[in-house]
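Numbering (the working numbering), first residue to last: 784 to 1028.
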C-alpha cells in the first residue's frame, strides 16, 4: 500500500510510533524515524535491522524549526521527496489543575502542538513542489471527550484537530492531504503499568470489549497515508472501539 513512498515518523522509537514504523515498512515504504535522543533511535533501528537501507533514524529538536527544516531538506536531498509525514511525538498528563504551572502547560503544548506545527512547516514546501503529500497527526479520544485531570493534554489534542481540519482546507489546492488519527485506550507501555482491576472497568465502556493495540492505530495511519485514501482529507479518524464516555 505504501510501496516506494518516503515517510517521516516523529516519536517513532516506541509504542504507537514504533508500530507505525513497522507497518509502513511492511507496506513497502522507506521510513525515517525521529526520536528524542540518539540512543533511543539506535535501539529502535536495531529492531528493524533486517530492513537494511529501508529505514534510518534522526533525532532533531522538534522545538527548533530551523533544525527540523535542515533535517527535512537532508531527507529530500537523499531520497528526492517526502511523501508522508506522521506527527506522532507527544506526551500525556494527568496532573490536577491545582498543581499546574504555566511552565508545565507550556511543555505539553510545545511538544504536542508546536512540534507538530514545526514539522508541518518544514515539510510542506517540499510536498507542494513535488505535487502533493500526506500529513497525519496523532490526536486522542480526549480530543472529543476531554478528561477529568491533566487539562493540558486534551487542550493540546483539540488544537491538533484544529490544525488538521484547517490545514486540510488550506493545503488542499496543493494536493496535500491532512488527517489525524485519534486512538482510544491502547496497549502501550504506559497502559501495561495500569493494574488489571482498573483496566477491566474501562473495557466495559468499549463496545468491542478490548483495548486497542498499537498495530490497530498503525494500520489506520497506513490507510490514510496510502493512495486508497486519496480523497480523504480534514478527517479525525477515531480508532477507539466505539468507546463510550
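C-beta atoms are modelled at their ideal positions from N, C-alpha and C, and glycine is treated no differently.
CB of residue i within 8 Å of CB of residue j, strictly
i	j	result
residue 917	residue 870	no
residue 845	residue 907	no
residue 785	residue 812	yes
residue 840	residue 815	yes
residue 842	residue 819	yes
residue 791	residue 817	yes
residue 1023	residue 967	yes
residue 1012	residue 810	no
residue 797	residue 972	yes
Proximity test, residue i beta-carbon vs the ligand SAH heavy atom, cut-off 7 Å
i	result
residue 901	Absence of the ligand SAH from the depicted structure is noted, as is the absence of any ligand whatsoever, leaving it without description.
Own chain residues within Cβ distance below 8 Å of residue i, not counting five before or after
i	result
residue 1020	962, 963, 964, 965, 1003 and 1007
residue 838	804, 808, 813, 814, 815, 816, 828 and 831
residue 974	968, 982 and 994
residue 848	901, 904 and 905
Local Cβ density within 10 Å of residue i, reported as buried at 16 or more and exposed below that
i	result
residue 788	buried
residue 836	exposed
residue 885	exposed
residue 853	exposed
residue 999	buried
residue 991	exposed
residue 949	exposed
Close Cβ partners of residue i (< 6 Å) along its chain, the five nearest in sequence each way excluded
i	result
residue 877	932 and 933
residue 911	957
residue 913	864
residue 996	970
residue 905	851, 852 and 855
residue 941	926
residue 1001	802, 803 and 806
residue 834	808
Same chain, Cβ closer than 7 Å to residue i, five either side skipped, listed in chain order
i	result
residue 874	891, 894 and 895
residue 795	801, 803, 804, 816, 817, 818, 827 and 871
Residue nearest to residue i in terms of C-alpha spacing, selected from the options
i	options	result
residue 1014	790, 887 and 952	952
residue 883	856, 910 and 936	936
residue 947	796, 1016 and 817	1016
residue 993	1011, 970, 960 and 795	970
residue 1026	999, 995, 988 and 1011	988
residue 915	943, 960, 888 and 1011	960
residue 889	881, 939 and 925	939
residue 793	822, 847 and 898	898
residue 1018	943, 862, 981 and 974	943
Below-8 Å beta-carbon distance, residue i vs any chain C residue
i	result
residue 823	Included in the structure is just one protein chain, with no chain C present.
Original post:
Between the segment 857 to 873 and the segment 921 to 939, are three or more C-beta pairs nearer than 8 Å?
Top reply: Touching, yes, given that three or more Cβ pairs across the two stretches are closer than 8 Å.
**OP:** Evaluate the contact criterion for the segment 822 to 839 versus the segment 790 to 804: three or more CB pairs, one atom per stretch, below 8 Å.
**Re:** Taking 8 Å as the limit for Cβ pairs, the verdict is that the segment 790 to 804 does touch the segment 822 to 839.
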